[in-house]
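Engineer: For reference, the structure I am asking about is given below.
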Amino acid sequence: MNLRKNHLISSGRKLISAGVLGLSIAMVPCFAQEKEPVQYLDQGWDDAMRELYYFTPQGSRLMPYSWFLALETAAGETRFSDPANMARYGWLNHGRARLNPDNLPIGFTKEPANDSAEKYWVGMTCSACHTNDIQAKGKRIRIDGGPALADFTLFITELSAAVQANLNDQTRFGRFAANVLGHDPTPTETAQLKTAYRTFAAELVGNLWMRTPHRPSGPGRVDALNQITNALAVTNLGVPENLRPVSAPVSFPFVWLAPHLDWVQWAPVASSPIARNVGETLGVFGKAEFKDSNNLFHSSVMLKQLHEMEEWLATLTSPPWPEKHFGKVNRKLAKRGRELFDKSCRGCHNMPPFDYTAKEINAFGKQFIKTQPIQITKVGTDSQYTHSLISRITATSNLGPLLFQNEPVTPGANFFLTTVGATLKKAIEDAKLTPQEIFEYNGYRFYPPSGDDPVPQIWKPSPEALTAIKASPLVGIWATGPFLHNGSVPNIYELLSPPNERSKTFWVGSREIDPVKLGYKSTRNQLTAKERSQLFLYDTSLPGNHNSGHAFPKKALSPKDRLAIIEYLKDVREDAGQGDSAASTHPAAAKYSSGSEKSSQPVTDKK
Numbered sequence: 001m002n003l004r005k006n007h008l009i010s011s012g013r014k015l016i017s018a019g020v021l022g023l024s025i026a027m028v029p030c031f032a033q034e035k036e037p038v039q040y041l042d043q044g045w046d047d048a049m050r051e052l053y054y055f056t057p058q059g060s061r062l063m064p065y066s067w068f069l070a071l072e073t074a075a076g077e078t079r080f081s082d083p084a085n086m087a088r089y090g091w092l093n094h095g096r097a098r099l100n101p102d103n104l105p106i107g108f109t110k111e112p113a114n115d116s117a118e119k120y121w122v123g124m125t126c127s128a129c130h131t132n133d134i135q136a137k138g139k140r141i142r143i144d145g146g147p148a149l150a151d152f153t154l155f156i157t158e159l160s161a162a163v164q165a166n167l168n169d170q171t172r173f174g175r176f177a178a179n180v181l182g183h184d185p186t187p188t189e190t191a192q193l194k195t196a197y198r199t200f201a202a203e204l205v206g207n208l209w210m211r212t213p214h215r216p217s218g219p220g221r222v223d224a225l226n227q228i229t230n231a232l233a234v235t236n237l238g239v240p241e242n243l244r245p246v247s248a249p250v251s252f253p254f255v256w257l258a259p260h261l262d263w264v265q266w267a268p269v270a271s272s273p274i275a276r277n278v279g280e281t282l283g284v285f286g287k288a289e290f291k292d293s294n295n296l297f298h299s300s301v302m303l304k305q306l307h308e309m310e311e312w313l314a315t316l317t318s319p320p321w322p323e324k325h326f327g328k329v330n331r332k333l334a335k336r337g338r339e340l341f342d343k344s345c346r347g348c349h350n351m352p353p354f355d356y357t358a359k360e361i362n363a364f365g366k367q368f369i370k371t372q373p374i375q376i377t378k379v380g381t382d383s384q385y386t387h388s389l390i391s392r393i394t395a396t397s398n399l400g401p402l403l404f405q406n407e408p409v410t411p412g413a414n415f416f417l418t419t420v421g422a423t424l425k426k427a428i429e430d431a432k433l434t435p436q437e438i439f440e441y442n443g444y445r446f447y448p449p450s451g452d453d454p455v456p457q458i459w460k461p462s463p464e465a466l467t468a469i470k471a472s473p474l475v476g477i478w479a480t481g482p483f484l485h486n487g488s489v490p491n492i493y494e495l496l497s498p499p500n501e502r503s504k505t506f507w508v509g510s511r512e513i514d515p516v517k518l519g520y521k522s523t524r525n526q527l528t529a530k531e532r533s534q535l536f537l538y539d540t541s542l543p544g545n546h547n548s549g550h551a552f553p554k555k556a557l558s559p560k561d562r563l564a565i566i567e568y569l570k571d572v573r574e575d576a577g578q579g580d581s582a583a584s585t586h587p588a589a590a591k592y593s594s595g596s597e598k599s600s601q602p603v604t605d606k607k
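Residue 607 is where the sequence shown ends in full-length UniProt numbering, and the numbering goes up by one at each step.
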């Protein structure tokens with residue numbers, strides 16, 4: 001381990017002992033373990049499908065599984081994985097299930113690890129951050145595919161503190177070792193376990209250092225792209241100088257339309273579903289090899305499971321407004337709201353009946369729901385996110401000759417997209433996917449062959465995408481607050497208001513819905529002093545938190561018109577069928593999967 005890496009880990013330890021741990025104690029959101037049985041809406045899934053989505057492993061490696069179950073909190077003998085403790089971070093409990101024998105929260109998985117000394121690891125899957133519960137009058141409503149209100153920074157901070165506490169207390173480590181091994185350990189067994197444990201603890205502290213923002217992000221937000229790029233460019237590549245601040249937290253997006261959209265992410269830079277999901281896995285502690293030339297780009301990602309996850313999501317629909325619990329929709333007002341929306345909002349936000357991409361731009365004649373890229377300078381919202389995408393420069397190290405035309409540095413976004421692509425390509429080779437399966441896993445997002453080249457080319461984001469925000473369809477938007485990409489507006493009513501009328505500060509973490517303004521209860525007059533003391537105070541004056549922009553239409557809507565649009569947004573649902581975009585085998589793929597060797601190999605990462 002070099003001096004710079006030692007410094008990174010040492011700094012991380014100081015961060016835990018001096019700053020971040022104290023911060024976590026002060027900022028714990030009000031996420032009590034819920035006793036009220038959850039109620040499910042009709043989103044197209046049954047209990048079996050939910051269990052698959054919640055607990056199917058995908059290749060994440062957070063911590064050896066037996067270690068995680070045996071770990072105590074930093075404060076005492078309570079197990080860290082206890083549902084009551086995990087609920088403190090906003091993770092949702094589902095109970096024991098076939099795929100969840102140890103009662104972990106939704107999105108925490110038992111990951112097989114044949115290439116590791118430990119047989120199983122605990123990992124995270126996309127359902128951890130894309131499942132939520134909303135409350136109304138004591139009733140708890142599950143929103144599958146909705147943005148979680150989990151505090152990821154708080155979770156990883158306190159996990160690291162708990163791991164470090166074992167190294168500082170011999171008696172505590174003895175309890176841990178006995179629980180891991182299932183018997184009172186011998187001195188040799190204890191020493192061997194502690195050696196492996198120290199290595200893991202040092203890596204986790206470094207991981208924490210790379211993932212901790214300068215300011216707390218609060219529940220429901222994370223700077224995913226900078227965190228993933230740090231993991232790829234610092235840990236995997238082994239270049240500590242590539243570390244950059246985590247400074248542009250954005251909200252977890254909803255995912256019920258994701259398999260059907262032409263582009264995803266807040267900036268429209270991702271189209272291939274399997275590439276997106278590989279990047280997501282690497283972002284939640286998946287492993288990838290960037291240094292060992294004999295094993296280059298080998299990773300822990302589980303390609304088949306990631307593809308299955310996408311197929312399941314393709315059957316998920318937006319949540320219907322639950323009138324029984326939240327109040328009836330005023331359909332006369334909703335009709336007026338649709339007229340206003342079509343006039344003032346639909347130019348950016350595609351809504352049912354959806355507009356689809358042209359068949360002519362797709363090698364298989366497939367169509368996808370169109371999204372609209374809006375330049376950040378036009379929409380006027382906080383630019384920290386897009387600025388971080390275009391301003392980051394990353395050293396390429398040993399990957400320069402292989403992936404970056406011998407360039408010693410490259411833009412961070414290019415490093416991210418290119419290394420994820422290389423990792424995906426290796427995973428495809430290891431899985432021995434057929435050409436037709438490659439088309440399918442990539443969601444058929446390929447341009448038709450052009451000129452003398454018979455090979456379809458995968459869709460690539462335009463350079464302008466890095467400075468744009470994606471305007472998406474808004475079906476089910478009522479269940480996804482706070483709003484704007486950085487979560488800076490507490491409810492739809494304020495989003496439809498001029499920026500100077502929006503809350504300068506508000507509280508985040510309550511699950512209680514505000515059915516009038518369409519958000520969560522978040523203001524001083526909606527929350528008691530005790531409730532406010534347990535929530536996260538969002539300050540829009542801080543960098544990355546600004547609530548400016550989205551001042552549409554040019555002539556401000558009247559309060560009555562804002563309420564009419566809100567009523568429409570409660571009621572609108574997506575088209576039946578959603579075009580021809582579901583992830584499934586497409587017969588037209590066969591013509592690119594036969595014939596010459598060249599024509600049978602679709603290009604997934606052409607520079």
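C-beta atoms are modelled at their ideal positions from N, C-alpha and C, and glycine is treated no differently.
First and last residue of the beta strand (DSSP E) that includes Y538?
Structural biologist: Unbroken beta strand (DSSP E) run through Y538: 536-539.
Engineer: Going by DSSP, what residues sit across from M63 in a beta bridge?
Structural biologist: Answer is V122.
Engineer: In this structure, how does DSSP classify E464 when only helix, strand and coil are distinguished?
Structural biologist: Helix at E464.
Engineer: Could you check if D133 is buried or exposed, using at least 16 other CB atoms within 10 Å of its CB as the buried criterion?
Structural biologist: Label assigned to D133: buried.
Engineer: Could you check the C-alpha separation between G19 and L159 for me, to the nearest Å?
Structural biologist: Reliability of the predicted coordinates at G19 is poor, the pLDDT of 36 falling under 50, and the value obtained from them is presented with this limitation in mind. Their Cα atoms are separated by approximately 15 Å.
Engineer: CB R331 to CB D561, shorter than 9 Å?
Structural biologist: No, the Cβ-Cβ distance between R331 and D561 is not below 9 Å.
Engineer: D514 to S522, Cα distance in whole Å?
Structural biologist: Rounded to whole angstroms, D514 to S522 spans 9 Å at the Cα level.
Engineer: At what residue ranges does the stretch 175-229 contain a whole run of the alpha helix (DSSP H), taking only runs of 4 or more?
Structural biologist: Segments of the alpha helix (DSSP H) lying fully in the stretch 175-229: 187-211.
Engineer: Between V301, Y493, G380, which lies nearest to K287 when the distance is taken from Cα to Cα?
Structural biologist: Among V301, Y493, G380, the Cα nearest to that of K287 belongs to V301.
Engineer: To the nearest angstrom, report how far apart A161 and D452 are at their CA atoms.
Structural biologist: C-alpha separation (whole angstroms): 59 Å.
Engineer: Counting C-beta neighbours from all protein chains within 10 Å, is the total for E280 16 or more, i.e. buried, or is it exposed?
Structural biologist: Label assigned to E280: buried.
Engineer: What beta strand (DSSP E) runs, 3 residues minimum, are completely inside the stretch 318-381?
Structural biologist: The qualifying runs are 372-375.
Engineer: What did DSSP end up calling T486 once you bin it into helix, strand or coil?
Structural biologist: Sequence check: residue 486 is Asn here, not Thr. If DSSP states are grouped into helix, strand and coil, N486 belongs with coil.
Engineer: Report the option in Y493, F536, A48, K291 whose CA atom is closest to the CA atom of S558.
Structural biologist: Of Y493, F536, A48, K291, the residue nearest in Cα terms is Y493.
Engineer: Is the Cβ-Cβ distance between A395 and V239 less than 9 Å?
Structural biologist: Yes, the pair counts as a contact, with Cβ atoms nearer than the cut-off.
Engineer: What residue from T56, L92, I565 has the CA that sits closest to V38's CA?
Structural biologist: The candidate whose alpha carbon is nearest that of V38 is L92.
Engineer: What does the alpha-carbon distance come out to for the pair P64 and R524?
Structural biologist: When rounded, the distance between both Cα atoms is 43 Å.
Engineer: Using the three-state DSSP reduction, which class does G519 fall into: helix, strand or coil?
Structural biologist: The answer is strand: DSSP assigns G519 an E or B state.
Engineer: Taking the beta strand (DSSP E) that N132 falls in, what are its first and last residues?
Structural biologist: That run of the beta strand (DSSP E) goes 131-136.
Engineer: Give a yes or no on whether the C-beta atoms belonging to D262 and P253 are separated by under 9 Å.
Structural biologist: Their beta carbons are not under 9 Å apart, which means D262 does not touch P253 by this criterion.
Engineer: Suppose you measure from the CA of D42 to the CA of I438; what does that come to, to the nearest Å?
Structural biologist: Distance between the alpha carbons of D42 and I438 is about 32 Å.
Engineer: Quick check on A162: does DSSP put it in helix, strand or coil?
Structural biologist: If DSSP states are grouped into helix, strand and coil, A162 belongs with the helices.
Engineer: Give me the DSSP bridge partner(s) of A270.
Structural biologist: For A270, which the question treats as bridged, DSSP gives the partners V264.
Engineer: Considering only DSSP beta bridges, list what A395 is partnered with.
Structural biologist: For A395, which the question treats as bridged, DSSP gives the partners V409.
Engineer: Between I390 and the rest of its own chain, which residues show a CB-CB distance below 8 Å, the 5 nearest in sequence each way excluded?
Structural biologist: Result list for I390: P411, A413, L466, T467, in chain order.
Engineer: Does the structure place the stretch 362-380 close enough to the stretch 456-476 that three or more beta carbon pairs sit under 8 Å?
Structural biologist: Touching, yes, given that three or more Cβ pairs across the two stretches are closer than 8 Å.
Engineer: Using DSSP with H/G/I as helix, E/B as strand and the rest coil, what is L257?
Structural biologist: In the structure shown, L257 sits in coil (DSSP, three-state: anything other than H, G, I, E or B).
Engineer: In or out: A202 buried (at least 16 other Cβ within 10 Å) or exposed?
Structural biologist: Classification of A202: buried, given that the 10 Å Cβ count is 16 or more.
Engineer: Under 8 Å: do the stretch 160-175 and the stretch 340-352 share three or more Cβ pairs, one atom per stretch?
Structural biologist: With a cut-off of 8 Å, the stretch 340-352 and the stretch 160-175 do not count as touching, because too few Cβ pairs lie within range.
Engineer: Can you tell me the Cβ-Cβ gap for S247 and S388, rounded? I've got them flagged as a contact below 8 Å.
Structural biologist: 6 Å between Cβ atoms; contact.
Engineer: Does the stretch 397-405 come close enough to the stretch 216-229 to have 3 or more Cβ pairs within less than 8 Å?
Structural biologist: At 8 Å Cβ cutoff, the stretches do not touch.
Engineer: With DSSP as the reference, label W91 as helix, strand or coil.
Structural biologist: DSSP places W91 in coil when its eight states are reduced to three.
Engineer: Run through DSSP, which three-state label would Q43 get?
Structural biologist: Of the three classes helix, strand and coil, the one that applies to Q43 here is coil, per DSSP.
Engineer: Excluding five sequence neighbours on each side, which residues of the same chain lie with their C-beta closer than 8 Å to the C-beta of K291?
Structural biologist: Cβ within range, chain order: N236, L237, G238, N398.
Engineer: DSSP state of V234, grouped into three classes?
Structural biologist: Reduced to three states, the DSSP call for V234 is helix.
Engineer: Can you tell me which of the three DSSP states D561 falls into?
Structural biologist: It is helical.
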